[in-house]
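Quick notes on the structure that follows.
In my numbering, the protein residues as written are 472 to 586.
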């Protein structure tokens with residue numbers, strides 16, 4: 472998925488995670504640079520080139536055309552257990568190689584909230 476980062480975090484990753492755990496299949500996933508750890512549950516994640524832009528969510532997703540809905544889906548959507556993967560008391564994986572820049576700087580993830 473090469474759409475907006477917030478759309479991917481809210482819609483695409485939980486949808487694919489739900490699909491992986493409900494079917495018991497090891498899904499093949501693909502994403503832009505830096506998405507490998509978002510799809511930690513996929514042993515077959517590949518990085519593709521490109522840039523993020525405004526794109527609709529993929530067909531078949533539980534949000535429909537976009538993530539601006541009054542409540543999160545009740546079916547076909549499950550947020551991955553990011554705290555247990557990354558470590559509840561701090562990151563247990565060294566993710567500094569994911570982003571360019573000095574490796575001694577902390578990583579901050581920010582995305583806008585629809586209000």
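The beta carbon of each residue, even a glycine, is placed where N, CA and C say it ideally should be.
Model, not experiment: these values are computed from the prediction.
Counting C-beta atoms within 10 angstroms of its own C-beta, residue 528 has 16 or more neighbours from the protein chains shown and is therefore classed as buried. Annotation for residue 501: the continuous beta strand (DSSP E) segment containing it runs 499 to 502. In this structure residue 484 does not touch residue 508 by the C-beta definition: roughly 10 Å separates them, more than the 8 Å allowed. In the DSSP annotation of this structure, the continuous segment of the beta strand (DSSP E) that includes residue 517 starts and ends at 515 to 518.
In the displayed model, residue 535 falls within coil according to three-state DSSP, outside both helix and strand. Proximity to residue 543 across 518, 472 and 532 peaks at 532, based on C-alpha coordinates. Within its own chain, the residues whose Cβ lies closer than 7 Å to the Cβ of residue 540, once the five positions on either side in sequence are excluded, are 534, listed in chain order. Following the DSSP letters along the chain, one finds residue 489 inside the alpha helix (DSSP H) bounded by residues 484 to 494. With contacts defined as CB atoms closer than 9 Å, residue 549 and residue 492 qualify as a contacting pair.
Within the model, the alpha-carbon separation for residue 476 versus residue 526 is close to 11 Å.
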